[in-house]
Structures are given as C-alpha cells and as structure tokens.
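Residue numbers (the numbering used here), protein chains in the order written: chain A, 7 to 421; chain Y, 7 to 421. Note sheet for the following structure.
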C-alpha cells in the first residue's frame, strides 16, 4: 500500500500538466469516464456487494446500507453527473475582470487551478465520481479518501475512471484513492503541507474537530446545517405549509433540512395548528416555545439547546416571534450560515431578511433543501462551505480555482 | 487599557450595522476622514514626533525612521488614498453572477462583508488609514494592531479618523486600535476565534511562523516575495535593461522587488555585461552562476541558497538558462508566487510563461514592482496574498468580502 504522502506527492507532481489540459481533452475524458461507469456496471456492482455484505454482517444500519448500495439507477446518475460536469463552462482561463491602467498596463484577473484537491468523505460511493469529475474539469489533481465501509466500491470506481481518463490523455496520477482508511491516514492527509492545496472534509463533528486540531493544509469546512424557515405575517400560508413540510421531511438526515420553524405571532393562531398537523402526519415531532405548545398540545417544551440543535431527524423546533427583527436575530444567533428561508409576500420584509440574515444561502419563498450544488446547476458539488473565506455555500467548479493576475505591458517601469 | 478580546467583541457586535451602511454613507465618511487628516496635520505630526524621537533615542535605523515619519506629503497621500477608496465602486451588494434554474428559482451570488477584519502591521503609519478606509468601504469593522514604534502616531490617526467617521453616521466601534503592542496581544488577536473573520499579518518571518502556530482565526498570509525577471532570447534588450534595473533598484526593500534575473543563453553574451554594468552603477552586487561569472567578473558564485533568497537589498542572483522551459521550471521551483516577469517580443513565449508560471502576478514586459494594490488601481491595498485560497496577489476591496447566495422563488419545493 502506498503512503498518503507519496500519493499526494504524485498528485502534486502531475498537477502542472493537469492544469494545462484543454477543455476539449477534459470534456472528452469526462465523457469516456461516464461511458466506462455504464459499461462496467457488473464489475462495480460486484465490488459493491462485497462492501454491502460486510456492512450487513457488521451490523450496519439499513439506512447506511441503503446509502452504500450502488443500484443501476445510482450508477446511471453518477454517469449523468459526469456528463453534466462536462457540459459546464470550463472555469480555467476565465478572465473574471480585466482593465487597463492609465500607464497602459492591461491587467487580467484569470482563474487557474488550485493544484491538488483532497476530499475526505463518508459512505456514499457516488461522491467518488462527483469529486473526480469536478477536480478534473477544474484542472486539479484529486486525492480521494473515502470511508472503510465503501473501500471496495471506491477502488473499483477509481480503477474504472482512471482507465477511461488515461485513455483520453489525462495523466495517470490525476485521480488517486487512498485505500488506507485508518484515522492515521486521514491525519497524514491533513498534514501534507505543500502537497495539498485544498482539503475538503465532508463528515461529522469528529472529523471537523480533528482537522481543526491537526490540519496543516488549507481546508474548507463543510459544517453543520441548523437551517431555519421563517413564516412572516405576510406569508402565502399554503406556500408556507408546502415549504416547511418539504424542508423538514423530504430528507431529514441532510444538512439543508430545516431544523427550526419561526412563525410571526400575527398568523400563528390561524396557520400554525394546521401546519403542525401536516408535519405530524409525516411523523414529525415538535419542540415548541410556550405559544407553540399552547397552539399544538402534542408539542414538548423547547429549551435553548433545541434552538441550537441540528436534529437530522423528524424533529422540529418551533418558535412564535413578535417581529421580523426577532426572527432575523434568532437566525443570526442560532444558525450555522448554511441555508435559511423566509416565506412572505411582503417585498420589504424579503429584502430585509436577505440583507440581514448572515447565511451562505438565503431563500425567499423556496425550500432550504435547494442549498445544493446539483440544484444550483453546478452538475455536482464538492461540498457546502459554512465558512466565509474562499467559498461559502454550495461549491462547484469555480470554487476549485484560484486566480492569477496576468499583466501585459510595453516596457512599463514604476516611477 | 482594553483587552484585545473585548475590542474584537465590540467590533463583532458592530459588524451587522456596518454591513448595512449604504455607499452614500460610507463615501461621505471616507471624505470626512480624508478632510480630518488634512485638518489635523499639526496634531498628527506632533504625535508622530514622539514616536520618531523615541525611535531615534532607541537607536532605530534611519531607514526605519524614514518610514515612520509623517511628512506633510505623506499625510496628503493618506488623505488621497481615502478619497481614492471612496471613488471605487462599492463591492457590497455586487451580484457576481446570477441565473435562473429550470424550476424558476432565481439565484444570485452576492458580495457581502466578511464582518471583522484585523491587520497586524509594522512601522508605516499610512497603513492605519489605508486599512481603516478599505475595511469601511467594504462594510467591515476593523481591528488595527500596529507596532510599538508607531503607537502614538497610530493612536492619533485612529482618533482623528473615528471622530470624523462617527460624525458621518459610522458606528464608534467600526475602527479600533489595539494599543497594547506586546507579543501577547498579537497572539490574543490570532486566537479570537468567532470574533475575527479575517486576520492579515503583514510582517516578517517571525510573525508568519507565530500565526501558523497560534492562529485560530481565518488568516491570509502576506508572505515573502522572491520575484524573478526572465529575459527571453526574443526580448527587446533596452526594455529588458530598464525593467530589471527598475525591478531591482527602485525600492529594494519591498516584496515586489526582483531578486533573481534569468537570462536566455542566446542573448547572454550580447546583453548581460551591459545590463550588469547598469545595475552595478546603481550599487547592485551580483551572485551569478558559472556563465554569469564568466561574463561579469565582479560577480560572486551563486549557490542554491541564493536562488531561494529574498535579499531585500541591492543584491541580485543571476542565472543563464538554456531555454524558456528551464526558466519556467526555475521560477516554479524557487519562486514564492508573488510576482514574476518575462521580457520578450515572442507571443508564444509570453503565453507559455503566463500559463505555466505558478504565481500570483505574472508580468509580460513590465516591472514586478507593479504588483501592488495602488498600482493595480485599488486605491490602496490590505496586503499581497501569497496563498491560493480566497485571494492571491494584491488585495483590494473585493478581497475583503465573502458572498451569499440569494435565491428568489414562488413557493418551490424540492422533489
């Protein structure tokens, strides 16, 4: 088994060549990779069965096994993801801005690849193809560090992708998997200073804490999602019900699911009981403030801890607020800058919420569940940044680039 | 004296209000601040004399005392800097991209302030006004931590600026100075996690090492500048001489000064002796490779250490290279991603250098000394980033922002 550092070094050595691949070469490689996933379905599903059988024997929950399983439709959507990445404009060489100075210097701010992008992630094997595709299109070498539960699936996927990519003029070391899934390998990756230009840790609290403690390479935190839906006094109430039901129940285990519902007191009596009935009929249990508990007797009293909790489950905290100001203050106090929504027909209220809520994605009259690279049209996503530097919110191709200033002159010197 | 943490907390508390100031308010405040600097010249120069006298008594070098001194023309240029920042377009609220999804969601990627920006810097008091102006215009609170040698000057400047700014509706805590210039105060600032959104350390190796060890807040390194000028076989040789003389001698102590000259072997015999004469007449001493030493007998032999050294002095390392490839490889091996230049009339050579040199700013036929926020037209600069995440090269107003996705819908929910 190759050490993490030597994998990173090979990626770093290959990065200059990957950076100069043309869009034509990269898109042809992505198409070949998509085709290869489809053509290798049997091989990939066989490898996946090893992982699934081992997980089941090890007593893994069926929810996790479901995420791990490579069905035909999931393979098809991995291939579709790669084709969708190929269809995106190439971010590399894009001139973001350009201007000419009084002395005649022409300055261009141009997107260039970061170099080596590493991602640590959990069970779902589709992430392997998404990350490989996004990194290739953005001219970066990628180092993948999946979880032990999916190691056979990931190995097979990477073999198939690399075979297709190298057949299409992409360097061998552009896509590499760290097969060692020990904690030590993750720490070695976090410390590969000078070899990794960006590390994205996609995982739970333990991983984030480990990277905050051990990280020596640049990283972007893909953190918690304590998302809010605020139903304003001027809300369209049917929309409000649809949005909170969707935001809470369409997939409660993900980071863009809603965790707290804030309701303006003027419409609480009229709307809240029915809305909570709809949520209850989907199996959602409620932790409410005093007013919410009065209006819906099945609710349990909420504590401050509830406002700060990402349940990732069919639970919802509910608070009745006296004003828009109070709603904004609540979101800014307890939110995690991931995704927060207002439901209102009042333009001024919408504009204030948009301006004053400090969040990566702010939605007006739409579900927080749209905070997602695919839903934003990025083909796939490398993660959702909950930090402010470099990238914030769903990260697509552009977030995998840095820039260089290119300055064209005619012999100018500085006075 | 107030503790660093409480200063940062006040900045953080004020940041939401600063973020929503309109361009009109901010520009009027910047104009008032510029006017106040001019009107307070006597008071500022008196405070500055305390610092200068103390520095001279303490045996500080005249070079440093020169940088510390607030002459009338420096005060005028500080005021001009603030007016130039006011004249820049407001980065806040700028929609960088926007598009509509097939489901009708309108997505806007909008620039918003970071929140609290802190800067640790050295002697020059003009940085105080530059940073305060850039942070205000970009909607951020700023925390300034200057050096002990300039503490009276900085105090006076901040008092004048705050007085003018608060008179123009800017919150009191928008511009704050840490008067405690101990090492402990710098470390406390580096560790003010959750209160500082960006820290820019502008200083030498010791500061960078300290922040790499102690930093718990997001930071951007303003690092070394081992800058190169490569004179290609197809160079206009007069331009080449002008550019290397300017890049080396116009201000040798700064990070965008050239440290190594690379010369294509085909023109070395013809051009190098004369060019080195010109440099020698300006007091530059040469460390050369074998060929350079043959061509110019006053040169001392260079070692690998010379290629890696930022002299910040009237010294230049000179190497004769057999090809453009070798020149690019040398820059990528020894450079610090700050600023590197090619002198050539050959378009293909220029395009390859631009594409393949991994640097924050790549110049064609211009001096590396232009790698500077003011020279790029940014009014002033917060520093020069030598890292790849968030910002690279000279940082102006846009680099002091993050983004939020603003998504407008009509009740959309996710399938």
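We treat Cβ as the ideally placed atom computed from N, Cα and C, and that holds for glycine.
Review point. Closer than 8 Å, Cβ to any Cβ of chain Y: which residues of the segment 80-111 of chain A, in chain order?
Key: 105, 107 and 111
Practice item. Starting from residue 215 (chain Y), follow the alpha helix (DSSP H) in both directions and report where the run begins and ends. Key: 211-220
Check your understanding: By how many angstroms is the C-alpha of residue 306 (chain Y) removed from the C-alpha of residue 318 (chain Y)?
Key -> 18 Å
Practice item. Kindly indicate which three-state DSSP category residue 139 (chain Y) falls into: helix, strand or coil? Key: helix
Check your understanding: Cβ of residue 280 (chain Y) less than 8 Å from any chain A Cβ?
Key -> no
Practice item. Mind checking which residues open and close the alpha helix (DSSP H) that includes residue 335 (chain Y)? Key: 330-340
Check your understanding: From the DSSP output, which residues share a beta bridge with residue 185 (chain A)?
Key -> According to DSSP, residue 185 (chain A) bridges with nothing at all.
**Study point:** Cβ-based neighbour list, residue 199 (chain Y), same chain, cut-off 7 Å, excluding 5 preceding and 5 following
**Key:** 222 and 223
**Study point:** Local conformation of residue 233 (chain A) per DSSP, three classes
**Key:** strand
Review point. Which runs of the alpha helix (DSSP H) spanning at least 4 residues fall entirely within the segment 37-67 of chain Y, listed in chain order?
Key: 47-63
Review point. Hey, is residue 224 (chain A)'s beta-carbon within less than 8 Å of any beta-carbon in chain Y?
Key: yes
**Study point:** Residues near residue 352 (chain A) by beta carbon distance below 7 Å, same chain, minus five either side
**Key:** 238 and 240
**Study point:** residue 312 (chain Y) versus residue 208 (chain A): straight-line alpha-carbon distance, rounded
**Key:** 42 Å
Review point. How should residue 173 (chain Y) be labelled, buried or exposed, when 16 other C-beta atoms within 10 angstroms of its C-beta is the threshold for buried?
Key: exposed
Review point. Skipping 5 residues on each side, what residues in its chain have a beta carbon closer than 7 Å to that of residue 137 (chain Y)?
Key: 125, 148, 150 and 388
Practice item. Pull up the distance between the alpha-carbon of residue 29 (chain A) and that of residue 346 (chain Y), whole angstroms please. Key: 26 Å
Point to revise | Bounding residues of the beta strand (DSSP E) (the contiguous stretch that carries residue 382 (chain Y)) | key: Note, residue 382 (chain Y): premise wrong, no beta strand (DSSP E); not H, not E.
Exercise for review: Could you tell me whether any Cβ in chain Y is nearer than 8 Å to the Cβ of residue 288 (chain A)?
Suggested key: no
Point to revise | First and last residue of the uninterrupted beta strand (DSSP E) at residue 265 (chain Y) | key: 264-270
**Study point:** Residue range of the beta strand (DSSP E) that includes residue 205 (chain A)
**Key:** 204-207
**Study point:** Residues in the segment 208-241 of chain A having any Cβ partner in chain Y nearer than 8 Å
**Key:** 224 and 226
Check your understanding: Mapping DSSP to helix, strand and coil, what is residue 18 (chain A)?
Key -> helix
Check your understanding: Which whole-angstrom value is the C-beta distance of residue 251 (chain A) and residue 288 (chain A), which I expect to be below 8 Å?
Key -> 7 Å
Point to revise | Test: residue 395 (chain A) CB closer than 8 Å to a CB of chain Y | key: yes
Exercise for review: Tell me, please, whether the CB atom of residue 340 (chain A) is closer than 8 Å to any CB atom in chain Y?
Suggested key: no
Point to revise | For residue 269 (chain Y) and residue 236 (chain Y), the rounded distance between their alpha carbons | key: 6 Å
Review point. Name the residues in the segment 357-371 of chain Y whose C-beta lies less than 9 Å from a C-beta of chain A; which are they?
Key: 360, 361, 362, 363, 364, 365, 366, 367, 368, 369, 370 and 371
Point to revise | C-beta contact flag for residue 375 (chain Y) and residue 297 (chain Y) at 8 Å | key: no
Exercise for review: Can you pull the chain A residues whose beta carbon is under 9 Å from the beta carbon of residue 204 (chain Y), in chain order?
Suggested key: 394 and 395
Practice item. Would you please verify whether the beta carbon of residue 411 (chain A) is less than 8 Å from any beta carbon of chain Y? Key: yes
Practice item. Taking only the alpha-carbon atoms, compute the straight-line gap between residue 195 (chain Y) and residue 156 (chain Y) and give it to the nearest angstrom. Key: 19 Å
Check your understanding: Count the other CB atoms within 10 Å of the CB of residue 377 (chain A); is the residue buried (16 or more) or exposed (fewer)?
Key -> buried
Check your understanding: In whole angstroms, what is the alpha-carbon distance linking residue 214 (chain Y) and residue 364 (chain A)?
Key -> 30 Å
Point to revise | Within 8 Å, strictly: CB atoms of residue 217 (chain A) and residue 391 (chain A) | key: no
Point to revise | Residues that residue 414 (chain Y) contacts on chain A, provided the C-beta gap is smaller than 9 Å | key: 356, 360, 369, 370, 371 and 372
Check your understanding: Relative to the C-alpha of residue 162 (chain A), which residue among A:122, A:50, A:34 and A:372 is closest?
Key -> A:50
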